[in-house]
DNA sequence: AACGAAACCTGCGCGC
DNA sequence: TGCGCGCAGGTTTCGT
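Numbering (UniProt numbering), first residue to last: 1 to 268.
Written out as structure tokens, the structure reads:
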């Protein structure tokens with residue numbers, strides 16, 4: 001479900017609420033998501049900090065880290081412990097402030113991994129992660145693209161090439177850069193690689209800001225979903241008129257994912 | 001190295 | 001109302 005901006009919003013809200021709290025107990029309702037061994041390791045540990053790497057949320061604990069990935073539909077909610085556990089609430093963390101933090105995931109795609117505090121960045125999954133648009137060196141990014149031969153849309157979704165971009169923002173970034181999603185990476189010019197990074201930063205920042213303004217609403221009513229409304233230029237707009245030139249927006253499956261683009265604005 | 005298909009899951013909207 | 005299909009903001013795995 002979420003891309004970098006949504007995950008950033010979720011992390012920020014979680015951090016504000018649970019930093020310094022202790023995990024008193026954990027109820028697991030879907031074993032595949034967290035087995036008994038993991039549960040035992042986590043119980044009793046204090047949550048010292050929360051960080052985000054790409055689309056991963058990392059809980060910094062006493063002796064290890066808990067790495068959470070929301071995949072398509074993961075969400076966190078805060079509830080009173082006595083409230084009934086819903087169908088899609090798979091993990092319930094009982095915290096030392098008396099509240100319960102609940103992990104809700106309709107499709108059960110989300111993952112929880114435990115890693116050593118000392119080198120969690122040097123082992124999977126985080127060691128596979130490239131830098132985010134905010135941190136990546138545009139020159140290095142350009143060189144990476146030049147040495148590969150795949151559709152740029154596919155490359156933007158590859159977290160080992162650039163981290164944090166998902167299907168929606170990949171389409172939006174390519175539209176902003178006037179680049180056709182099927183253009184091959186080795187055909188991307190240096191100036192265009194630079195533009196992808198700059199537009200990536202702009203669009204993600206805009207989305208994070210939009211998420212930030214609605215944090216209060218989400219916490220009180222929907223839990224921490226990190227979702228928000230952002231004006232989309234092409235994504236999910238098949239058959240509608242391009243806001244720039246009026247051409248009908250097309251949809252094409254690339255790398256197994258729906259891709260939306262304007263064939264007039266975006267050069268192949 | 002790159003691509004496609006399938007897998008992991010569930011729910012929703014659509015056409016018939 | 002029910003059924004089958006396609007689709008969903010992610011990632012991994014396996015075969016070609």
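Note that beta-carbon positions come from the ideal geometry of N, C-alpha and C, so glycine has one too.
Helix, strand or coil at residue i according to DSSP, with G and I counted as helix
| i | result |
| --- | --- |
| residue 189 | coil |
| residue 211 | helix |
| residue 30 | coil |
| residue 116 | strand |
| residue 247 | coil |
| residue 202 | helix |
| residue 130 | coil |
| residue 163 | coil |
| residue 179 | strand |
| residue 171 | helix |
| residue 13 | helix |
| residue 7 | helix |
Candidates the options: closest to residue i by CA position
| i | options | result |
| --- | --- | --- |
| residue 156 | 259, 26, 19 | 259 |
| residue 186 | 129, 145, 249 | 145 |
| residue 172 | 73, 255, 265, 148 | 265 |
| residue 81 | 248, 24, 57 | 24 |
| residue 16 | 44, 49, 22 | 49 |
| residue 66 | 72, 33, 86 | 33 |
C-beta contact flag for residue i and residue j at 7 Å
| i | j | result |
| --- | --- | --- |
| residue 99 | residue 78 | yes |
| residue 47 | residue 18 | yes |
| residue 200 | residue 138 | no |
| residue 193 | residue 142 | yes |
| residue 103 | residue 90 | yes |
| residue 208 | residue 2 | no |
| residue 41 | residue 136 | no |
Status (buried if at least 16 other CB within 10 Å, exposed otherwise) for residue i
| i | result |
| --- | --- |
| residue 175 | buried |
| residue 153 | buried |
| residue 37 | exposed |
| residue 9 | buried |
| residue 218 | Below a pLDDT of 50, predicted positions are generally treated as unreliable, and residue 218, at 41, falls in that range; the measurement from the model is reported next regardless. Result: buried. |
| residue 83 | exposed |
| residue 20 | exposed |
Does the pairing of the segment 81-101 with the segment 119-129 give three or more beta-carbon distances under 8 Å? no
Stretch-stretch touch, CB-based, cutoff 8 Å, three pairs: the segment 51-60 with the segment 163-171: yes
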